[in-house]
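Asks:
Residue numbers (the working numbering): 2 to 132.
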């Protein structure tokens with residue numbers, strides 16, 4: 002298979018060191034992790050220098066949202082950022098730093114509120130959020 006690099010995404014609490022060591026038998030392992038799932042999603046976006054004109058936000062507590070968002074983000078060459086209404090800091094910092102003004106949000110408004118989306122994308126209350 003000519004594998005040269007294997008990316009291990011997540012901290013040792015998510016993917017233990019033994020797995021990383023085993024994978025090292027097949028190629029160089031590179032762990033991408035943050036202190037939380039939110040910071041890890043930003044670390045992945047930064048590691049792969051993804052298109053920063055658009056972002057895909059997905060609810061962090063329900064894996065199907067992220068799984069569905071992965072292919073969308075890949076097609077758009079956009080970062081997939083994990084977030085939720087109660088924890089927008091990592092996504093907000095990433096998007097503000099890169100001045101991203103457009104994106105997709107996966108998860109209903111009970112999961113990622115319109116107010117959270119407005120804050121993350123620096124939108125005015127009068128700006129339309131298309132559903």
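We treat Cβ as the ideally placed atom computed from N, Cα and C, and that holds for glycine.
Which class does residue 59 belong to by DSSP, given the choice of helix, strand or coil?
Replies: strand
Asks: Here's the rule I'm using: 16 or more other beta-carbon atoms within 10 Å means buried, otherwise exposed. How should residue 66 be labelled?
Replies: The residue in question, residue 66, is buried, as its Cβ has 16 or more Cβ neighbours within 10 Å.
Asks: So, residue 56 versus residue 44, is the Cβ gap smaller than 8 angstroms?
Replies: no
Asks: Using the C-alpha atoms, what's the distance from residue 61 back to residue 29?
Replies: 29 angstroms
Asks: Helix, strand or coil for residue 104 per DSSP?
Replies: Reduced to three states, the DSSP call for residue 104 is strand.
Asks: With a floor of 3 residues, list each beta strand (DSSP E) that falls wholly inside the stretch 10-87, ordered by position along the chain.
Replies: 29-33, 56-60 and 81-84
Asks: Between 99, 85 and 100, which lies nearest to residue 116 when the distance is taken from Cα to Cα?
Replies: Among 99, 85 and 100, the Cα nearest to that of residue 116 belongs to 85.
Asks: Here's the rule: buried if 16 or more other CB atoms are within 10 angstroms of the residue's CB, otherwise exposed. What is residue 121?
Replies: buried
Asks: Would you tell me roughly how many angstroms separate the C-alpha atoms of residue 17 and residue 118, rounded to the nearest one?
Replies: 33 angstroms
Asks: Short of 8 angstroms in beta carbon distance, which residues of its chain neighbour residue 63, apart from the five on each side in sequence? Order them along the chain.
Replies: 108 and 112
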